[in-house]
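In what follows, a structure is listed as structure tokens, so that the remarks can point back to it.
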Amino acid sequence: MDFKFTEENLAKIEAVRKKYPASKAAVMPVLYIAQEQNGYITKEVMDEVAKLLGINSVDVLGVATFYTMYHTNPIGKYHVQVCTNVSCMLRGGYEMLDHVVKKLGIDVNGLTSDGKFSIEEVECMGSCGTAPMIAVNDDYYENLTKEKLTEILDSLK
Amino acid sequence: MEKILLLDIPNYHRIDVYKEHGGYETVKKAYSMTPDEVIDEVKKSGLRGRGGASFLTGLKWSFMPKTTDKPKYLCINGDESEPGSFKDRQIFERNPHALIEGALIACYAIQAKAAYIYIRGEYHNWIQMVQKALDDAYEMGLVGEKMKETFSTPYECNIYIHKGAGAYICGEESSLMNSIEGKRPYPRVKPPFPAQNGLWGCPTTINNVETISNIPSIIKNGWEWFSKIGEARHPGTLLFGVSGHVNKPGVYELPTGVLLTDLIYNYAGGVPGGKKIKCVIPGGSSMPPLRGEQLEGIKMDAESLKAAGSAIGTGGVIVMDEDTDLVRVLARITKFYYHESCGQCTPCREGTGWMLKTLNRIARGQGTASDLDLLVDVAKNIEGNTVCALGDAAAWPVKFMITRFRDEFEKAVKREIVIPAANKVHSMRNTALPLADRSKS
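Residue numbers (this note's numbering), protein chains in the order written: chain P, 1 to 157; chain D, 1001 to 1441.
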């Protein structure tokens, strides 16, 4: 299926390109714009990004697959990221992850059948002083307990 | 002690409040000096980088070539991803204008045409905060083309934010540049160093967010003022992030040289339940850990921690109480480096995975005493044999955790291995042959 940027996003891309002296440098922000529009990054998306920036598709592939925040598979409407790195681990990060897994009934990296939730175990999110934490899409939820976590997940409809 | 970065002023993140308290006045002072005078001031202040390596900032700036036709760049490293480090986030949230003003002064000192603030992608909401501060500064003519008029100077520069996308390796300076250039962020071989060959092949300086945010105060109050704060060889305040088993985890801005025990017990409220401390990692997960019984008298600055057998790193202090399973902790830390290795260098790519498998085996109770020597050996073979310091960062926790807490790891590998009863009986018979030899009989 072909992918085309919306007019609004094409304008955003033009603005982004002005930040850099070479068009290739815009690949990361442009991939973000594409992901926001399409939900995740497909081969068609990468081809379109490459065409737009005048670079090789394989270079876009290299970037899109290197970073964990570009999703090459569909994710949920609510993408729940649980940090289990050392500072979170010492304060119950794994208990939070287990709780999310049980509550949503899917495994880590799984997606609920209605497409609403996905879970990812993430590396340090810079919330060590407010551990344990989860992030849902762009928002952080910190100083968690199982009760608070239940409340947060229940509020996501 | 007066704070430099995290001031107790309500709404200090807002440009009007920042300006009310003298914000953006220092940049005018800097522009009345020559770039060399600015560099000299920073050099004499003794400011050392806050990103981990503690290199002298003024000296780094002086490496930038004076005579070149190429544009010059400043990169500000806010890809804060080292487990245990969460200090730059405080600056983004509470004092973004010190970062912007610092960038304006630093760009002038090295005569850069643009600065890129690289912020990790997960900090989406904090990126919005810095972007708002930057938009306000642009609107007031403090950044960009209007600054010529605002500051009556022939000099102008732009500041941009580049959003990362979840890769710890981008905190390494050459990976960071490749990431900004839109390439796969593999670290570059050095030399050439960024000052000669950085962004788009042009001279580039890379500083940490906290380092740059210190610049306005140094120029405003003079190098002598700054050099008298904290320890003489590592002056200033540091944003210490204390996490793990403490009652009040968080970021504390304190002069360098504060006692580690003071930081843990007085500022961070001690250990829950009054438990003893088993282990402290003083500067982010890659730094060599210290034993609980050796913390007394250790000062928190680059030189003192070096003498104590560790390093200040990012000042991210991780505290572990007496009940902590260090095998599990080390396995988790190693999992991080395995996940974040970019895969460019074989010792790091293969070694981190090998260490992780071995540690997981020990954590499952299936380790042997020889595994411990194997781990140290693998770590030593990664250390110093990779293009960037991620190899060292992965190797040090393994090497030092096992050598300094050998007793803990010995206990883990001496767990009785459960052998099915039938085999036990069988092996006790003199007639029983080892499995491998059975075919011969």
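Quick reminder that beta carbons are idealized off the backbone N, C-alpha and C, glycines included.
Check                                                                                                                                                                              : Outcome
Anyone know if the C-beta pair for residue 1520(D) and residue 1397(D) falls short of 7 Å?                                                                                         : Because residue 1520(D) is not part of the residues shown, which for chain D are 1001 to 1441, the question remains open.
Check this for me: beta carbons of residue 1187(D) and residue 1195(D), under 7 Å apart or not?                                                                                    : no
By the 10 Å Cβ neighbour count, where 16 or more other Cβ atoms means buried, how is residue 1128(D) classified, buried or exposed?                                                : exposed
Tell me where the beta strand (DSSP E) around residue 1255(D) begins and ends.                                                                                                     : 1250 to 1255
Comparing the C-beta of residue 87(P) with each C-beta of chain D, is any distance below 7 Å?                                                                                      : yes
So, is the C-beta of residue 1409(D) closer than 7 Å to a C-beta in chain P?                                                                                                       : no
Going by beta-carbon coordinates alone, are residue 1402(D) and residue 1378(D) separated by less than 7 Å?                                                                        : no
Report yes or no: is there a C-beta of chain D within less than 7 Å of the C-beta of residue 64(P)?                                                                                : no
Excluding the 5 residues preceding and the 5 following residue 107(P) in the sequence, name in chain order all residues of the same chain whose CB lies nearer than 8 Å to its CB. : 101, 119
For residue 1185(D), write down the residues that DSSP places opposite it in a beta bridge.                                                                                        : Per DSSP, none; premise fails for residue 1185(D).
Assuming residue 84(P) contacts residue 93(P) under a Cβ cut-off of 8 Å, what Cβ separation, rounded to an integer in Å, is found between them?                                    : 4 Å
Near residue 1155(D), which residues of its chain fall below 7 Å by C-beta distance, leaving aside the five closest residues on each side in sequence?                             : 1031, 1108
Please state whether the Cβ-Cβ distance between residue 1242(D) and residue 1317(D) is less than 7 Å.                                                                              : yes
Here's a check: name, in chain order, each residue in its chain whose Cβ is nearer than 6 Å to the Cβ of residue 1017(D), leaving out the five neighbours to either side.          : 1011
According to DSSP, residue 1114(D) sits in a beta bridge with which residue or residues?                                                                                           : 1073(D), 1158(D)
Going along chain P, which residues have a C-beta under 9 Å from residue 1081(D)?                                                                                                  : 123, 124, 125, 126
Compute the Euclidean distance between the alpha carbons of residue 46(P) and residue 19(P), then round it to the nearest angstrom.                                                : 21 Å
Identify the contact partners of residue 1245(D) in chain P, using a Cβ-Cβ distance below 9 Å as the criterion.                                                                    : 90, 91
Please say whether residue 1331(D) and residue 1363(D) have beta carbons closer to each other than 7 Å?                                                                            : yes
Residues of the segment 137 to 153 of chain P in Cβ contact with chain D at a cutoff of 8 Å, in chain order, please.                                                               : 138, 139, 140
Alpha carbon to alpha carbon, how far is residue 1412(D) from residue 1327(D)?                                                                                                     : 8 Å
Please name the residue, chosen from 137(P), 7(P), 74(P), that lies closest to residue 114(P) on a Cα-to-Cα basis.                                                                 : 74(P)
DSSP has residue 1299(D) in a bridge; who is on the other side?                                                                                                                    : 1259(D)
Could you have a look at residue 79(P) and say whether DSSP puts it in helix, strand or coil?                                                                                      : strand
CA-CA distance, residue 1142(D) and residue 1112(D)?                                                                                                                               : 16 Å
Find the nearest neighbour of residue 1211(D) within the set 1103(D), 1068(D), 1381(D), judged by alpha-carbon distance.                                                           : 1103(D)
May I have the straight-line CA-CA distance separating residue 29(P) from residue 1116(D), to the nearest angstrom?                                                                : 14 Å
Return the first residue and the last residue of the alpha helix (DSSP H) that residue 1204(D) is part of.                                                                         : Counting along the chain, residue 1204(D) falls outside any alpha helix (DSSP H), though it belongs to the beta strand (DSSP E) covering 1204 to 1208.
By the three-class DSSP mapping on this structure, what secondary structure does residue 156(P) have?                                                                              : coil
Verify the CB distance criterion: does residue 1265(D) have a CB-CB separation below 7 Å to chain P?                                                                               : no
Run the CB neighbour count on residue 1285(D), radius 10 Å, all protein chains shown included, and call it buried at 16 or more, exposed below.                                    : buried
By the 10 Å Cβ neighbour count, where 16 or more other Cβ atoms means buried, how is residue 1240(D) classified, buried or exposed?                                                : buried
Tell whether a beta-carbon distance below 7 Å holds between residue 54(P) and residue 1184(D).                                                                                     : no
Rounded C-beta distance between residue 137(P) and residue 78(P)? I'm assuming under 8 Å.                                                                                          : 7 Å
How would you list, in chain order, the residues of chain P whose beta-carbon sits under 7 Å from the beta-carbon of residue 1124(D)?                                              : 138
Using a Cβ-Cβ cut-off of less than 9 Å, give me the residues of the segment 1312 to 1331 of chain D that come near chain P, in sequence order.                                     : 1316, 1318, 1319, 1320, 1321, 1324, 1328, 1329
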